[in-house]
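A short write-up of the structure that comes next.
Number of protein chains: 2
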Amino acid sequence: MDIETASKCLSELGNPHRLEAFRLLIKAGPEGVTVGEIQKHLNIPKSTLSHHISHLVWAGLARQEREGRVLRCTANFELADALVTYLCAECCNGLDVVQLDETQDA
Amino acid sequence: MDIETASKCLSELGNPHRLEAFRLLIKAGPEGVTVGEIQKHLNIPKSTLSHHISHLVWAGLARQEREGRVLRCTANFELADALVTYLCAECCNGLDVVQLDETQDA
DNA sequence: ATATTAGTTCGATAAATCTAGAATTATCGT
DNA sequence: ACGATAATTCTAGATTTATCGAACTAATAT
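Here it is, written out as structure tokens:
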């Protein structure tokens, strides 16, 4: 992971709609979710969502594959891990991140 | 850390100049670095750099305080940690990030 | 064949961002 | 007070991004 790749990924995740969509993909695991399912959560027009998803795909953070009539989206877990690892190493003083036991709100 | 805060931080770090500047601040530790020192590394016009730093400050990722003629910039380590922790929890399947022993290039 | 569903691509507009020179402010030394 | 240094603020142009309706493409069902 170099700084150009990292800033590209961060830039794409630096949009509330895309970050939320990516979060959904991660939470969904390897099975992923369809575009329609993402749309139900984000509640934005199809064309806008499609645009955001194509951003994630362009950055390599997500993949899409057709399954009949639906398009299934999956996160690129390797890249997500590499990005967090990069941030820990380069932008977090090598923070020894501990596994979270509970979700934090603030 | 909520999703709005996270996407705001990610967006600000999603620019090569700002990411590099922030990386310098983190690496510099609590003593921080002056704007001039950052400029030597980034090699961009003062006004452009100032603009980028003000972005980081606005997002809460950095702080500035005057020291005579120079302005000393420091990273907000707590926020950096909170951001990485959020990403691990929400966008990385709760990745159990290990402490890095060596820097990676790819 | 036609209709329906799922989603993309096109096109146009509004808004935000990036860049950088010029002018300005703040501090220090003489 | 004046000049030099450090950095910001102002201003403006160029580029990029976000949004979303309309038209289009792909796959299925009748």
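Chains as they are written, first to last, in the numbering used here: chain A, 840 to 945; chain B, 840 to 945. A virtual CB, placed ideally from N, CA and C, is assigned to each residue, including glycine. It should be emphasised that the depicted structure is a prediction, and the values quoted were computed from it without experimental measurement.
So within the region 877-910 of chain B, which uninterrupted alpha helix (DSSP H) runs reach at least 4 residues, ignoring any that extend past its ends?
885-897
Check whether the Cβ of Ala845/B lies closer than 8 angstroms to any Cβ atom in chain A.
Here residue 845/B corresponds to residue number 6 of the second sequence, with the count starting at 1. Yes, because at least one Cβ of chain A sits closer than 8 angstroms to the Cβ of Ala845/B.
Taking the straight line between their C-alpha atoms, what separation do you get for Phe916/B and Met840/B?
Counted from its first residue, the second sequence places residue 916/B at position 77. Counted from its first residue, the second sequence places residue 840/B at position 1. Cα to Cα, the separation comes out at about 14 angstroms.
Take Val909/A as the anchor and find which of Arg857/A, His891/A, Val874/A, Glu929/A has the nearest alpha-carbon.
As a first step, residue 909/A is located in the first sequence; it is residue number 70 there, counting from the start. When only C-alpha atoms are compared, the closest one is Val874/A.
Cα separation between Lys879/B and Ile892/A?
Here the question's residue 879/B lines up with position 40 in the second sequence. Here the question's residue 892/A lines up with position 53 in the first sequence. Put simply, the backbone Cα of Lys879/B is about 38 angstroms away from that of Ile892/A.
So is Ser850/A buried or exposed if we call it buried at 16+ other beta carbons inside 10 Å?
Your numbering for residue 850/A matches position 11 in the first sequence. Result: buried.
Taking all protein chains shown into account, decide if Gly853/A is buried (16 or more other Cβ within 10 angstroms of its Cβ) or exposed.
On the first sequence, residue 853/A is found 14 positions in, with the first residue counted as 1. Under this definition Gly853/A is a buried residue.
What residues from chain A crowd round Leu852/B, counting only those whose CB sits closer than 9 angstroms?
By 1-based counting over the second sequence, the position of residue 852/B is 13. Ala845, Ser846, Leu849, Ser850, Gly853, Leu926, Cys930, listed in chain order.
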